[in-house]
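> Residue numbers (my numbering), protein chains in the order written: chain A, 114 to 525; chain B, 20 to 247; chain C, 69 to 479.
Handing you this structure, nothing more for now.
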Amino acid sequence: MGIIFSLAWRNLWRNRRRTWLTAGAIAFSTLLLVAWVPIQFGTYDIMINASLRVFPGHAQIQRPGYQEKPEIRNAIDNAEQLAETLRGSNELYQGVAVRAQGFALLSSGSRSYGAQVVGVQPQFEGDTSSIPGLVKQGRFLSAVDAQEVVLGSALARNLKLKVRDEVTVLGGGKDGSVAAVILTVVGIFESGSNEFDHYFAEMPLHTFQDVFSMGRSAHAIAIVGKSLEYQSQLLAALKGAISGRDDVVVLGWDELLPGMKEAIQVDKTFGFIFYGILIAIVVFSILNTFLMSVLERTREFGLMLALGVRPQRIASLMVLESALLTLLGLVIGLVIGTALVYWAHVVGIHYPGVEELAEQFNLPDLSRIYPQMKLSNFLLGPVSIFIFTNIAAWIPILRVRKLEPIEAMRTI
Amino acid sequence: MSTVTLKKVCKVFGEGELAVHALRDVDLDIRAGDFVCLSGPSGSGKTTLLNMVGGLDRPTSGEISIADKRVDLMDKGELAEMRLRDIGFVFQAYNLIPVLTALENVEFVMQLQGIAPEQRHRQSREILEEVGLSGLEDRKPAELSGGQQQRVAVARALVSEPALILADEPTANLDSTTAENLMALLRHLNDDHKITFLVSTHDKLVMSHARRLLVLRDGKITDDIQQR
Amino acid sequence: MIARSLPLLITLGWRNLWRHSKRTLVILFAITLGVWFMIISAGMMIGIIEQQLQDTIMNLTGHAQIHRPMFRDDPAIEHSMPPPSDALRKILNSDDVKQWSMRVRQPAVVMSERESRGVTLVGIDPAREKGLSFIGKPVVEGRGLESVDDSGIIIGRRMAEKLQTEVGKRIVIMSQDKDNEVADRGFRIVGLFQAELEATETAYVFTGLKTTQKLLGMGDDISEISLMTASREGLDPLVQRLRQAAPRLEAKSWKELEPLVVTAMALYENFMIFWYLIIFIAMAFGLTNTLLMAVFERTRELGLFQALGMRPRFIVGQVLIESFILLAIGVVIGNLAGVFTTNVIFADGIDLSAFSRGMEQFTMASTMYFTLRAKDILTINLLVIILGLVASLYPAVKAARFVPVEAITRT
Chain A
114 MGIIFSLAWR NLWRNRRRTW LTAGAIAFST LLLVAWVPIQ FGTYDIMINA SLRVFPGHAQ
174 IQRPGYQEKP EIRNAIDNAE QLAETLRGSN ELYQGVAVRA QGFALLSSGS RSYGAQVVGV
234 QPQFEGDTSS IPGLVKQGRF LSAVDAQEVV LGSALARNLK LKVRDEVTVL GGGKDGSVAA
294 VILTVVGIFE SGSNEFDHYF AEMPLHTFQD VFSMGRSAHA IAIVGKSLEY QSQLLAALKG
354 AISGRDDVVV LGWDELLPGM KEAIQVDKTF GFIFYGILIA IVVFSILNTF LMSVLERTRE
414 FGLMLALGVR PQRIASLMVL ESALLTLLGL VIGLVIGTAL VYWAHVVGIH YPGVEELAEQ
474 FNLPDLSRIY PQMKLSNFLL GPVSIFIFTN IAAWIPILRV RKLEPIEAMR TI
Chain B
20 MSTVTLKKVC KVFGEGELAV HALRDVDLDI RAGDFVCLSG PSGSGKTTLL NMVGGLDRPT
80 SGEISIADKR VDLMDKGELA EMRLRDIGFV FQAYNLIPVL TALENVEFVM QLQGIAPEQR
140 HRQSREILEE VGLSGLEDRK PAELSGGQQQ RVAVARALVS EPALILADEP TANLDSTTAE
200 NLMALLRHLN DDHKITFLVS THDKLVMSHA RRLLVLRDGK ITDDIQQR
Chain C
69 MIARSLPLLI TLGWRNLWRH SKRTLVILFA ITLGVWFMII SAGMMIGIIE QQLQDTIMNL
129 TGHAQIHRPM FRDDPAIEHS MPPPSDALRK ILNSDDVKQW SMRVRQPAVV MSERESRGVT
189 LVGIDPAREK GLSFIGKPVV EGRGLESVDD SGIIIGRRMA EKLQTEVGKR IVIMSQDKDN
249 EVADRGFRIV GLFQAELEAT ETAYVFTGLK TTQKLLGMGD DISEISLMTA SREGLDPLVQ
309 RLRQAAPRLE AKSWKELEPL VVTAMALYEN FMIFWYLIIF IAMAFGLTNT LLMAVFERTR
369 ELGLFQALGM RPRFIVGQVL IESFILLAIG VVIGNLAGVF TTNVIFADGI DLSAFSRGME
429 QFTMASTMYF TLRAKDILTI NLLVIILGLV ASLYPAVKAA RFVPVEAITR T
């Protein structure tokens, strides 16, 4: 066995240039896939996390049907109690916050703008949303019943309001009555997201509930888990926690942001197609190497056959050679690719021009991309390359079995 | 007038202990129109000597002149030019370009020389007729026998009217009848066109056709015999 | 001098390629596949950008707009502008402008029986919006607006769903008038419009220009003028002339109004070159390798060339010509295949409606069209051929380096 290995290996090096060129091609495509897939998936992670952490959270508990038709009447009774039971009951729940929301007209002295107003629990909202931490002027809300409000930066600018100014909030209450209140602006936040900065305002939960005649009901409980990796456990735990009730359902982030999931799906699909084509190009590119090397050695094989070596033996020798050759390329590609990914993982990738785009897509963190270090990512590309290049290599090998010794030796 | 002159030509391959003295102090004078045979056993230096004269290799020391031009002093470009215009080659095997027809092979050198198409075609056909291959102009080498291939090579060597034709064991791969025919052709061409021939061989048949026979042994010319 | 031998070199190159046809076909396939791939990638990326651009332009931006300088930051009534002066009108009515229109825009709240939402109220001149923006297209239900005095309102189809209302019902529009008082009025929904993105359908409601002016007490004032040019190249000079004609107003082209699209385009174009290079490198390994092996197979023949007096640079030329023929064939077929794919097979675009919500996330339409520009095809072809020849230099030079003696006497 060992002899065949060393023979195969030494055969590879009889023609160093060709071996290096072929291995180079394989290394190149491996490198590309090994480096690219983690980066691509890392980008998805960023996109998801960035979107979720601003406001939606990893999961939410709502009344059935609220997600499609967010009517103010469709509220959860005693939401705070439910939230309290969840909070601290499972280490999976890193943040649990209750919210009530509706549309309202905000007016300053000279301007009026419509916005989405959300009643939040000041002491818990920061666990599930990044907005409290993004208050750039003033401060976040102080108490759950304070007469305060924080506004998105663009909204505040459009209303011509500063911290300590007053704003009138006018909307429709849960019971159909008019909801109106004057609040003091205590803070202005800047999330970097167009949507939130232009159309979002947050006020304390109890204040909202009083103004909008909601009693103690609310529209959603937002939950943030340790990380996206634990999403399925998080959802299972939540479903278990509400199993007794039929007035609420659990929604994972993919239901909260269905577009996101699909967008990633589209991108992944295109990605696979692209990789597939690239691999095909590389395979055809190096197919000739395998074809010609077999041709070149026809005389040699003829000699071996004449000396009594079985065709199967010769074939297996060549199968081994191509396997070693592809492995050589793969290993080199893997090593360099992994090194690159690791470096990028530590340093983050800074692609010029992405920051502005990131703004538009609501993804302020996109400017630095951290590749996702998961084993399956790494191996996906190389394994498929290995399979396809070897299949390509075997085509000429199958011919060897039909060689006639004398004819073979006569070849120039 | 001397076509080829060698003065104290030496050729050493390798260094130190592995040094091989292929040619030692060879002096030689070949006159225009001569038909010279270079004979000797394998390893005697025949091919080396031929390569020197043909500008395919350089002497380690000594002078080589062809038609009064110092070949040993020429650079690669000049040597190529000389091979193109002044010398014709016939090798033992693999003389022809596989993808070209017999006619195109003969025209090859003339094309490199920049000769106009009509003249090329005309001259090539004439030469092919002269060597007895009319009708086979459009065949590729793979479709010709060994003897026919050699004739095409001769035709090509001849067509640009060089000063000298070098043939390295031209009959080595041929059976005796074909070989005889080829040699007769060469002598015939030598008589008609007055081109100098230098043929290396270890075949007695070939040697019998020479007007002048040089015997080479261990890198030195040991005999210089005038025949016929 | 090499010119006279060109036919010979081409003959040699061509015939050498077909000596081993299977091998040539394999590498040819790799090249063709590579070129095809580059072309459809380009078509896809440019298609996406063009789509975004078109959507942006049709989404009320137009090729250029004119406002009061403060309007874009603070789209409130006090920053409205007077109707165009004669000087301005002259340019607007000239041949350089394909279509132009006046609008009033104002943030407002729309209230149905059940729901209320923030929107932008837009007063338009319906006749002029044809070909200028998406609202110029026919409505999907009910009727379109008929004149500047039309007091009916048109809302988006999905907006109607969200407001739980329909054609024929009434909704109330509430906004701020010139004196900072609340101005509200009931409108009857006369039609529903449709746009690619749900966001567009829920962002705007349309009524007649004069109706809006009356509601807001604006007199003859308007918010903006939007226009389309006759040609893309003529846009910038046109904007210049508009600025000169109306120095107190702000005239901006779409490039300045939507800088993000410009950035995105630049980003994509840079990325494309990078992508081409990657595909090329994948091909190049095979190209160089195949040529190299072919050259080594021909050592004797190459030695023969030299023996017969062929200069080294001619040998280099011969190998390069061989490579060029190969690349040229691959490029031609790849081009044909690529253009066929984008313009024939996918002439109607790729239907991604199954992923429509995801596309919305990226503000992209659910049909993806390919757009091929001559510029891209030219770039790809030049890149492949020039770099391909560069990749063939190594084998070509190697071929010329064979020492004739060794070459010929090799067994």
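Glycine included, C-beta positions come from ideal geometry on N, C-alpha and C.
Go ahead and pull the three-state DSSP assignment for A271/C.
Correct three-state label for A271/C: helix.
> What is the C-beta distance between E193/A and R329/A, in whole angstroms, given that I count them as a contact (C-beta under 8 angstroms)?
Between R329/A and E193/A the Cβ distance is about 7 angstroms, and since that is below 8 angstroms, they are a contact.
> Considering only the alpha carbon of each residue, which of Q322/A, D367/A and V422/A lies closest to A293/A?
Taking only the C-alpha atoms, the option nearest A293/A is Q322/A.
> Is the distance from the Cβ of T22/B to the Cβ of T220/B below 7 angstroms?
No, they are not a contact pair.
> Would you say the stretch 167-174 of chain A touches the stretch 304-314 of chain A, given that touching needs at least three Cβ pairs under 8 angstroms?
The stretch 167-174 of chain A is in contact with the stretch 304-314 of chain A.
> Run through chain B and tell me which residues come within less than 8 angstroms of E369/C, C-beta to C-beta.
Correct list: Y113, I116 and P117.
> Distance check for Y157/A and V379/A, CA to CA, integer angstroms please.
Their Cα atoms are separated by approximately 12 angstroms.
> Can you pull the chain C neighbours of A191/B, defined as C-beta to C-beta under 9 angstroms?
Within 9 angstroms Cβ-Cβ: nothing; A191/B doesn't reach chain C, min ~13 angstroms.
> When DSSP labels each residue in this structure, what does Y388/A get in the three-state scheme?
Of the three classes helix, strand and coil, the one that applies to Y388/A here is helix, per DSSP.
> Which ranges would you report for the alpha helix (DSSP H) in the stretch 125-204 of chain A if only whole runs of at least 4 residues count?
Counting only runs of 4 or more, we get 129-167 and 192-199.
> So, are the CB atoms of L231/C and S180/C less than 7 angstroms apart?
Yes, the Cβ-Cβ distance between L231/C and S180/C is below 7 angstroms.
> What would DSSP say about K159/B, mapped onto helix, strand or coil?
Note: K159/B maps to coil in three-state DSSP.
> Would you say M361/C faces chain B, with C-beta separation under 7 angstroms as the test?
It does not; no Cβ of chain B falls within 7 angstroms.
> L360/C: which of E197/A, N128/A, F397/A and A457/A sits nearest, CA to CA?
For the residues E197/A, N128/A, F397/A and A457/A, the minimum Cα distance to L360/C belongs to N128/A.
> If the criterion is Cβ atoms closer than 7 angstroms, does the pair I347/C and G191/C meet it?
Not in contact: I347/C and G191/C (Cβ atoms no closer than 7 angstroms).
> Taking a contact to mean a Cβ-Cβ separation below 7 angstroms, would you say A138/A touches L437/A in this structure?
No, they are not a contact pair.
> In chain order, what residues of the stretch 276-295 of chain C put their CB closer than 7 angstroms to some CB of chain A?
Of all residues in the stretch 276-295 of chain C, none has a Cβ within less than 7 angstroms of some Cβ in chain A.
> If the criterion is Cβ atoms closer than 7 angstroms, does the pair L296/A and V257/A meet it?
Not closer than 7 angstroms, so no.
> Decide if D53/B is buried, meaning its Cβ has at least 16 other Cβ atoms within 10 Å, or exposed.
By the 10 Å Cβ count, D53/B comes out buried.
> Determine which residues of the stretch 333-359 of chain C have a Cβ less than 7 angstroms from any Cβ of chain A, and write them out in chain order.
Correct list: A334, L335, I346, I347, I349, A350, M351, F353, G354, T356, N357 and T358.
> Among residues of its own chain, excluding the 5 on either side of I223/C, which ones have a beta-carbon nearer than 7 angstroms to its beta-carbon?
Correct list, in chain order: I257, L260 and V273.
> Give the residues of chain C in contact with V395/A, contact being defined as C-beta atoms less than 7 angstroms apart.
Within 7 angstroms Cβ-Cβ: A350.
> Using DSSP's beta-bridge definition, name the partner residues of I336/A.
Bridge partners of I336/A: A172/A and V209/A.
> Comparing alpha-carbon positions, which option in L416/A, V230/A and K273/A lies nearest G286/A?
Out of L416/A, V230/A and K273/A, V230/A has the C-alpha closest to the C-alpha of G286/A.
> Measure from the alpha carbon of F438/C to the alpha carbon of each residue in E118/C, N84/C, A71/C and W82/C, then state which is nearest.
Comparing Cα-Cα distances from F438/C to each of E118/C, N84/C, A71/C and W82/C, the minimum goes to E118/C.
> Does the structure place the stretch 113-133 of chain B close enough to the stretch 143-150 of chain B that three or more beta carbon pairs sit under 8 angstroms?
Contact holds: three or more Cβ-Cβ distances are below 8 angstroms.
> Does L325/C come out as helix, strand or coil in the three-state DSSP assignment?
Here L325/C sits in helix by DSSP.
> How many whole angstroms separate the CB atoms of L189/C and Q174/C, which I take to be in contact at a CB cut-off of 8 angstroms?
At roughly 5 angstroms, the Cβ-Cβ gap stays under 8 angstroms, so L189/C and Q174/C are in contact.
> Along chain A, in chain order, which residues have C-beta atoms closer than 8 angstroms to that of F97/C?
Those within 8 angstroms of F97/C in chain A are F397.
> I'd like the list of long-range same chain contacts for I480/C, defined as Cβ closer than 7 angstroms, with 5 residues on each side in sequence excluded.
An answer regarding residue 480/C cannot be provided, because it is not within the stretch 69 to 479 covered by chain C.
> Out of A269/A, L364/A, G208/A and A136/A, state which residue places its alpha-carbon closest to the alpha-carbon of E181/A.
Nearest C-alpha to E181/A: L364/A.
> In three-state DSSP terms, what is S486/C?
The shown model of chain C, from 69 to 479, leaves out residue 486/C, and the question about it has no answer.
> Can you find the residues in the same chain that come closer than 7 angstroms, C-beta to C-beta, to S299/C, ignoring five residues on each side of it along the sequence?
Nothing meets the Cβ criterion.
> Give me the residue from N84/C, G385/C and T297/C with the minimum Cα distance to G199/C.
Comparing Cα positions, the closest option is T297/C.
> Under the three-state reduction of DSSP, which class applies to P175/C: helix, strand or coil?
Correct three-state label for P175/C: strand.
> If you reduce the DSSP assignment to three classes, tell me which class T220/B lands in.
Strand.
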